[in-house]
Every structure is written in structure tokens, then in C-alpha cells.
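If you read the sequence shown in the UniProt record's numbering, its first letter stands for residue 1, the second for the next number, and so on. Structure first, commentary second.
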Amino acid sequence: MVMELWHELLGTSAPSHVCILALTVFVAVYYLMHTFRKHQDFPNIPPGPKPWPIVGNFGGFLVPNFIWRRFGGWGGKDVPKSKTRALISPQVIITEQAKVYGNIYSMWVGSQLVVVLNGYEVVRDALSNRADVFSDRPEIPTVTIMTKRKGIVFAPYGPVWRRQRKFCHTTLRNFGLGKLSLEPCILEGLAVVKSELLRLSEEDTECSGVDLTPLITNSVSNVISYIALGQRFHHTDREFGALLDLMARGLEIIANSAAVLINVFPLLYYLPFGVFREVRQVERDITAFLKQIITRHRETLDPANPRDLIDMYLVEMLAQEAAGETDSSFSEDYLFYIIGDLFIAGTDTTTNTVLWMMLYMVVYPDIQERVQAEIDAVVGPDRVPSLTDKGSLPFTEATIMEVQRMTVVVPLAIPHMASETTGEERETHTSHSNSMVEPDSPVMHSQINKVVLNCFLNNLVSQFHQTNTTTGTRLLQQKQESTTLSLWFICCCLAEFRGYTIPKGTVIIPNLWSVHRDPTVWEEPDDFNPSRFLDDQGNLLRKECFIPFGIGRLFGSLSRQTYVGCPISYLLYDWQTGV
1 MVMELWHELL GTSAPSHVCI LALTVFVAVY YLMHTFRKHQ DFPNIPPGPK PWPIVGNFGG
61 FLVPNFIWRR FGGWGGKDVP KSKTRALISP QVIITEQAKV YGNIYSMWVG SQLVVVLNGY
121 EVVRDALSNR ADVFSDRPEI PTVTIMTKRK GIVFAPYGPV WRRQRKFCHT TLRNFGLGKL
181 SLEPCILEGL AVVKSELLRL SEEDTECSGV DLTPLITNSV SNVISYIALG QRFHHTDREF
241 GALLDLMARG LEIIANSAAV LINVFPLLYY LPFGVFREVR QVERDITAFL KQIITRHRET
301 LDPANPRDLI DMYLVEMLAQ EAAGETDSSF SEDYLFYIIG DLFIAGTDTT TNTVLWMMLY
361 MVVYPDIQER VQAEIDAVVG PDRVPSLTDK GSLPFTEATI MEVQRMTVVV PLAIPHMASE
421 TTGEERETHT SHSNSMVEPD SPVMHSQINK VVLNCFLNNL VSQFHQTNTT TGTRLLQQKQ
481 ESTTLSLWFI CCCLAEFRGY TIPKGTVIIP NLWSVHRDPT VWEEPDDFNP SRFLDDQGNL
541 LRKECFIPFG IGRLFGSLSR QTYVGCPISY LLYDWQTGV
């Protein structure tokens with residue numbers, strides 16, 4: 001077993017005595033660092049499964065899939081014993097744990113505390129009502145090492161992030177993202193998909209099927225490339241194809257190989273063998289490709305005629321340099337990570353949604369027939385589907401939304417982080433709790449916020465200024481005495497999150513999978529039923545609990561929701577899927 005695990009981790013046939021000794025010393029040093037690290041005790045954190053030494057819950061129900069593929073029946077009491085466990089998605093396992101520990105529970109990745117949020121009410125409460133506390137991004141070792149906490153998606157929340165996001169959002173809109181002006185670029189890519197499908201279908205004499213993944217990925221990525229890089233790549237372009245393959249491979253390594261252990265032991269990233277060496281090589285190759293494109297843009301830049309996002313960013317850099325802004329965050333290094341974020345955030349999710357949609361149409365041919373009948377009735381035989389048809393295809397749109405609800409291509413969202421410790425006010429004033437309203441009440445947590453407190457204080461001050469007499473002073477004293485307890489309860493409810501202390505730096509995982517399978521907001525959530533998004537007249541319904549990409553600081557959402565329907569309508573207009 002040890003030898004097999006060694007081979008999976010390090011990619012070598014057998015460990016030498018020196019390697020074993022080095023690994024033993026490494027684990028021992030890490031254990032000592034973990035043991036003697038100054039750790040503040042927060043007794044009011046959410047409950048959760050007991051962590052193992054050093055690895056935390058990676059030794060329990062979070063056993064990585066690469067280990068389960070080798071040793072399917074091994075694990076602690078929290079681990080499913082089935083040999084088929086590797087086929088169970090992490091989001092399903094995490095959702096099942098909520099039945100044991102509640103919708104808010106804790107787990108540990110090494111020495112890092114992670115709090116998982118399950119169900120619509122809890123996720124909305126955290127990401128919407130408490131966005132001031134839970135909007136930051138954590139320092140996840142695999143992500144931090146490779147992104148340097150730059151870009152948009154994984155950058156820490158703050159002034160730099162806000163400036164960068166505002167600039168990118170405005171520039172992308174100006175170049176057509178989210179607008180009909182980009183439709184020719186989309187249709188051009190879909191025409192290539194159509195011609196290639198025809199060619200591949202004719203060559204498929206054995207009826208073995210055609211893999212849509214590379215074609216859809218190329219089509220979607222070229223929309224991003226057109227806006228960000230100012231060019232489209234032919235679907236046979238080797239360099240661009242290699243870039244897309246590298247991005248896909250990088251995500252696969254980080255999520256489903258021994259490289260996941262970097263999040264527990266960050267120094268593993270620098271090991272010169274196995275998947276650790278491979279992930280570094282993938283990073284270097286992606287960096288070389290994108291930085292070469294940035295260099296070409298810099299050498300051919302015409303500030304009066306910017307061609308794309310890169311040109312606009314370089315122009316902004318020059319403007320800030322001319323203005324003498326020495327502390328500007330605008331740099332070519334930051335630009336590189338923004339481009340990477342655009343491709344990852346815009347390509348992967350849109351491509352997977354299209355592929356899932358086509359699969360569901362195979363499984364549910366009756367739904368496929370209704371979608372195609374609606375497209376035929378609206379589009380007709382003389383043209384192809386357009387972005388302008390979206391509002392006239394309610395059942396098609398409802399079907400896409402139901403596929404997104406069932407699959408949730410970003411099931412655990414992008415992790416958030418608590419930027420401050422919740423519950424500190426409660427610890428200071430525990431002896432004063434005697435109100436009729438429970439401080440841990442969900443109603444208090446979701447409805448009382450800083451706006452209420454500010455309004456109350458402003459009203460109190462205005463009354464004092466309006467009555468600047470002894471009577472007015474006495475009135476102020478009476479109000480202060482009668483409302484001190486109420487003010488404390490407001491502060492207390494603001495400080496805690498649904499009765500729990502969430503320490504600063506805690507990683508927050510919003511389980512979007514659980515939101516879209518939540519029986520309190522979805523009727524028969526495990527059933528595929530597009531009609532749940534339609535009213536009695538067949539009009540499309542927008543539901544607040546439909547958040548397949550999360551709540552708050554989203555990047556790439558303009559492209560996802562605007563354009564995902566176009567390739568689906570285009571494909572189903574000409575072809576019928578089946579087995």
C-alpha cells in the first residue's frame with residue numbers, strides 16, 4: 001500500500017532510503033510547526049467532524065479521490081465505506097455531512113479552519129446580508145502560489161481589487177461583452193463548430209460518436225480571445241489549442257491528483273518530480289504563451305486606437321506613469337493574471353454548461369423535442385438562432401436554467417474568507433443577555449444590520465441637537481438608559497453569524513450544490529423539470545434561489561448568462577442528439 005501511494009504521489013517506481021528519510025524529516029518538521037503554532041481557541045465555532053492530526057479532515061471524509069481510486073475502502077468513521085466512493089462528487093459528500101452537523105459546520109484542511117455553508121437561506125445570509133465580512137478571498141496554497149493573489153477572481157478584496165475590477169468590467173462592456181455587438185464573433189465560431197461536426201460525422205463510419213468538448217471549448221474561448229487579445233484563433237491552431245489543453249490539464253491536476261495535498265503541505269509544490277513538477281511546467285507554459293502576446297501588444301501599441309482589453313490596460317498603465325503614480329497597481333504582471341482569470345472564468349463554466357445541456361437532451365428526448373419545436377417556431381427555416389431570440393424562447397431558457405440547477409458547474413463556488421472575527425462583541429457582554437428577542441435568532445441575523453444602527457444613532461443625535469436644554473439632556477440620558485440593551489443586541493447580532501463565532505481568516509465554502517437541491521425552496525429538487533422556471537402562462541420565472549454561479553463578486557458572468565443559450569439553440573436547431 002505504501003509503495004502504491006508513493007508511486008501515485010511522486011511518479012517514481014520505488015523510493016530510495018534517502019527519499020524516505022527526507023520525507024520523514026519533512027513530515028516531522030511540519031508536525032512540530034503545526035503543534036507549536038500559536039493557536040487561539042474559539043469555543044463557539046460551528047460543529048463538525050473531528051480532524052486527524054496534521055492533515056485535518058483530509059484523513060476523514062475529505063480523503064482525496066486519487067487515494068480513493070487506489071484504496072477505496074479505507075478511511076475513518078465519517079468516510080463512506082463503498083468501493084464506489086470515488087464516483088461520488090465532493091459536493092454530494094459535503095451536502096450529506098450537513099444532515100449530521102447542520103447547515104453551518106466546520107472542517108479542517110491541515111491547520112486551516114474551513115466553514116461550509118449549506119442551503120439557500122444560510123448562503124444568502126452570508127454572501128448578501130454579511131457581504132462586508134465574507135467577501136474576501138482566502139490564501140489557498142495552490143492558488144496563492146500560482147496567482148500571487150493578483151488578477152480578479154482570487155485577489156483579496158480591497159481598493160486594488162475594486163479598481164482593477166471596475167476597469168476590466170467597463171472595458172469589457174465597451175468591447176461588446178454582454179451586448180449584441182459581439183454576436184457576429186459568436187456566430188462565426190458556431191459556424192466553425194457546425195462545419196466541423198458535419199465533417200466529423202461523415203468520417204464517423206462506425207457511429208462511435210463525436211466529442212463536442214474541443215469544438216465548444218475553442219468556440220467559447222475565441223469569444224474571450226477576441227475581446228481580450230484582439231484576435232480569433234483557427235480551431236486547428238496548435239499554440240492556442242495547446243493553451244486550452246494546458247488550462248484544462250492544470251485544473252485537472254489541482255483538483256484530482258496528489259497535487260491537492262499542496263493545500264495541506266505547501267512545500268510539496270516545489271518537489272522536482274511527479275505531478276508537482278508537472279503542475280509547475282503547466283504554469284510556466286501558460287505564462288510564456290500569454291506574456292508573449294502581451295509583449296506583441298506593447299510593441300505594436302497605438303494609444304489612440306486600442307484594439308482590445310490588453311491595449312486599453314497598457315494605455316491606462318502609461319497614463320498612470322505619466323501622472324507620476326508610483327504606487328499604481330496597474331502592471332503587466334497584474335494584466336497577465338487578469339487574462340488568465342478571463343479564460344478560466346469565462347470558458348470552463350460556459351463550455352461545461354453547453355455539454356451538460358446536450359447530455360440532458362439525450363437523456364430526456366421529450367424535452368429535446370419541445371425545445372426544438374420552440375426554436376423552429378420562433379427562428380423559422382430562413383435564418384439561424386440569434387441572441388435577440390432569447391426572450392422569445394422561454395421553454396428553451398427554462399430548460400437551460402434547469403440543467404444549470406441540476407448540474408451546478410461551480411458546485412462549491414469560489415472560496416470566500418472571513419475578513420474579521422465574528423462573535424467578539426458577544427464574548428465581551430455575555431452577562432447582559434435578558435432581552436425578549438433571542439440574539440441568535442435567524443430573523444435578527446438576517447434583518448438587523450449596520451443601517452439600522454446608523455439610523456438609530458442619527459435619530460438620537462438629531463433629537464439632542466433640536467432640544468438643547470436641560471430637558472433635552474435628560475431626554476437623551478433616558479433614551480440612552482432605555483436603549484443600551486437594545487443597542488447591545490444589535491451589535492451582538494452583527495458580530496455573530498447565526499449564533500456562531502467565525503474567526504478572522506476562516507475559509508468559507510458556499511455549497512451551491514446544496515442551494516439548488518434545497519427542498520425548502522425547490523419542490524422535488526432531484527427531479528429534472530424545466531417547468532419549475534415557467535409560470536402558468538408559460539412565461540419565464542426568475543427565482544432568487546437560482547444562483548448557479550454564486551452571489552456577489554462574480555467575474556465572467558456577463559458572458560456566461562448572455563451567451564450560453566446561443567450555442568445550445570444553434571446546435572439543437574440543426575441536430576437531434578441521441579444514443
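For each residue, glycine too, the CB sits at the ideal point set by N, CA and C.
Practice prompt. Could you work out which residue in E544, I294, S386 is closest to Y334 when comparing CA atoms only?
Written response: Reading the sequence shown from its first residue, position 334 is the one you call residue 334. The shortest Cα separation from Y334 among E544, I294, S386 belongs to I294.
Item to complete: Count the other C-beta atoms from every protein chain shown that fall within 10 angstroms of the C-beta of A304, then say buried if there are 16 or more, exposed otherwise.
Response: Looking up residue 304 in the sequence shown gives position 304. When all chains shown are included, A304 counts as exposed.
Item to complete: Ignoring anything shorter than 3 residues or poking outside the segment 262–299, list the beta strand (DSSP E) runs there in chain order.
Response: none
Practice prompt. Kindly list the residues whose CB is nearer than 6 Å to the CB of A126, restricted to its own chain and excluding five residues on each side of it in sequence; keep chain order.
Written response: In the sequence shown, the residue the question calls residue 126 occupies position 126. Cβ neighbours of A126 beyond the five flanking positions: L117, F134.
Worksheet item: Closest by CA to L244, which one among T217, E121, Y101?
Response: Here residue 244 corresponds to residue number 244 of the sequence shown, with the count starting at 1. Selected option, being the one with the closest Cα: T217.
Discussion item. With H, G and I counted as helix, E and B as strand and the rest as coil, what does DSSP make of V122?
Written reply: Translated into the one-based positions of the sequence shown, residue 122 becomes position 122. In this structure, V122 counts as helix in the three-state DSSP scheme.
Practice prompt. Check the DSSP bridge columns for W52 and list the partner residues they point to.
Written response: The residue you call residue 52 lines up with position 52 of the sequence shown. DSSP, once it has assigned bridges, lists G56 as partnering W52.
Worksheet item: Going by alpha carbons, who is nearest to P138 out of Y364, P415, I186?
Response: What you label residue 138 is simply residue 138 of the sequence shown in a count that begins at 1. Ranking the options by Cα distance to P138, first place goes to P415.
Worksheet item: Under the DSSP definition of a beta bridge, which residues are partnered with I508?
Response: Working through the sequence shown from its first residue, we reach residue 508 at position 508. I508 is bridged to V115, H416.
Discussion item. Tell me whether the segment 278–289 and the segment 151–165 touch, counting them as touching only if at least three CB pairs, one residue from each stretch, are closer than 8 Å.
Written reply: no
Item to complete: Measure the beta-carbon distance from N44 to T501 and round it to whole angstroms, keeping in mind my assumption that it falls under 8 Å.
Response: On the sequence shown, position 44 is the one that residue 44 refers to. On the sequence shown, position 501 is the one that residue 501 refers to. With a Cβ gap of about 4 Å, N44 and T501 count as contacting.
Fill in: S514, DSSP secondary structure in three states
Working through the sequence shown from its first residue, we reach residue 514 at position 514. S514: helix per DSSP, three-state reduction.
Worksheet item: In its own chain, which residues sit with a C-beta less than 7 Å from the C-beta of I339, not counting the 5 before and 5 after it?
Response: Indexing the sequence shown from 1 puts residue 339 at position 339. The answer, listed in chain order, is A228, L290.
Discussion item. At the level of alpha carbons, what is the spacing between P548 and G346?
Written reply: Reading the sequence shown from its first residue, position 548 is the one you call residue 548. Reading the sequence shown from its first residue, position 346 is the one you call residue 346. The alpha-carbon atoms of P548 and G346 are separated by roughly 14 Å.
Worksheet item: Per DSSP, what kind of secondary structure is S331 in: helix, strand or coil?
Response: As a position in the sequence shown, residue 331 is number 331, starting the count at 1. The answer is coil: DSSP assigns S331 none of H, G, I, E or B.
Fill in: Cβ-Cβ separation, T142 to A258 (assumed contact under 8 Å), whole Å
What you label residue 258 is simply residue 258 of the sequence shown in a count that begins at 1. What you label residue 142 is simply residue 142 of the sequence shown in a count that begins at 1. Actually they are not in contact, since the Cβ atoms of A258 and T142 sit about 12 Å apart, beyond 8 Å.
Item to complete: Closer than 7 Å by C-beta to Y105: which residues in its own chain qualify, once you throw out the five before and the five after it? Chain order, please.
Response: Numbered from 1 along the sequence shown, position 105 holds the residue referred to as residue 105. Excluding sequence neighbours, Y105 sits near P46, P47, G48, Q97, A98, V116.
Discussion item. When you compare the segment 505–514 with the segment 389–404, are there three or more beta-carbon pairs, one atom per stretch, that lie closer than 8 Å?
Written reply: no
Practice prompt. Might you give, ordered along the chain, the residues of its own chain that have their beta carbon closer than 8 Å to the beta carbon of L251, omitting 5 neighbours on each side?
Written response: Within the sequence shown, residue 251 is the residue found at index 251, counting from 1. Cβ within range, chain order: I344, D348.
Item to complete: For the alpha helix (DSSP H) containing W356, list its first residue and its last residue.
Response: Position 356 of the sequence shown, counting from 1, holds the residue named residue 356. Per DSSP, W356 belongs to the alpha helix (DSSP H) from 349–363.
Fill in: Stretch-stretch touch, CB-based, cutoff 8 Å, three pairs: the segment 524–534 with the segment 311–330
no
Practice prompt. Going by CA-CA distance only, name the one from G538, F546, L359, G56 that's closest to P525.
Written response: Residue 525 sits at position 525 when you count from the first residue of the sequence shown. Closest option to P525, Cα to Cα, is F546.
Discussion item. Please classify S195 as buried or exposed, where buried requires at least 16 other C-beta atoms within 10 Å of its C-beta.
Written reply: Here the question's residue 195 lines up with position 195 in the sequence shown. Exposed is the call here.
Discussion item. With the cut-off set at 8 Å, would you say V408 and L540 are in Cβ contact?
Written reply: On the sequence shown, residue 408 is found 408 positions in, with the first residue counted as 1. On the sequence shown, residue 540 is found 540 positions in, with the first residue counted as 1. No, the Cβ-Cβ distance between V408 and L540 is not below 8 Å.
Worksheet item: Would you report the Cα separation of I254 and V378, rounded to the nearest angstrom?
Response: To locate residue 254, count along the sequence shown from 1; it is residue 254. To locate residue 378, count along the sequence shown from 1; it is residue 378. I254 and V378: Cα-Cα distance of roughly 44 Å.
Worksheet item: Which residues in the same chain have their Cβ closer than 7 Å to the Cβ of R405, if we skip the five residues on either side of it in sequence?
Response: Position 405 of the sequence shown, counted from the first residue, corresponds to residue 405. Answer for R405: H516, F546, P548, listed in chain order.
Item to complete: Provide the residue span of the beta strand (DSSP E) that contains Y105, from first to last.
Response: Against the sequence shown, residue 105 aligns to sequence position 105. It spans 104–109 - the beta strand (DSSP E) in which Y105 sits, taken as one unbroken run.
Fill in: Residue from E420, I400, E544 whose Cα sits closest to the Cα of C566
As a working mapping, residue 566 is identified with position 566 in the sequence shown. Here the closest residue by C-alpha is I400.
Discussion item. Tell me the rounded alpha-carbon separation between Y570 and Y226.
Written reply: For the purposes of this step, residue 570 is taken as residue 570 along the sequence shown, with counting starting at 1. For the purposes of this step, residue 226 is taken as residue 226 along the sequence shown, with counting starting at 1. Spanning the two alpha carbons is a distance of roughly 20 Å.
Worksheet item: Under the DSSP definition of a beta bridge, which residues are partnered with Y500?
Response: Here residue 500 refers to the residue found at position 500 of the sequence shown. DSSP, once it has assigned bridges, lists F497 as partnering Y500.
Discussion item. With distance defined between alpha-carbon atoms, name the residue in M312, L172, V122 nearest to F497.
Written reply: Start at 1 with the first residue of the sequence shown, and residue 497 comes out as number 497. The shortest Cα separation from F497 among M312, L172, V122 belongs to V122.
Worksheet item: Identify the residues that DSSP records as bridge partners of T136: which are they?
Response: Residue numbering aside, residue 136 sits at position 136 when the sequence shown is read from its first letter. According to the sequence shown, residue 136 is Asp rather than Thr. Paired residue(s): M417.
Worksheet item: According to the neighbour-count rule (16 or more other Cβ atoms, all chains shown, within 10 Å of its Cβ), is K166 buried or exposed?
Response: Taking the first residue of the sequence shown as position 1, residue 166 is located at position 166. K166 should be labelled exposed.
Practice prompt. Compare the Cα-Cα distances from D327 to each of R163, I152, G56 and report the closest residue.
Written response: Residue mapping note: residue 327 aligns to position 327 of the sequence shown, counting from 1. Comparing Cα-Cα distances from D327 to each of R163, I152, G56, the minimum goes to R163.
Worksheet item: When we look at the beta-carbon of F154 and count the other beta-carbons within 10 Å, is it buried (16 or more) or exposed?
Response: Here the question's residue 154 lines up with position 154 in the sequence shown. The residue in question, F154, is buried, as its Cβ has 16 or more Cβ neighbours within 10 Å.
Discussion item. Short of 8 Å in beta carbon distance, which residues of its chain neighbour N458, apart from the five on each side in sequence? Order them along the chain.
Written reply: Here residue 458 is taken as the residue at index 458 of the sequence shown, counted from 1. The pLDDT assigned to N458 is 47, lower than 50, so where the model puts this residue is not dependable, and the model offers no usable value.
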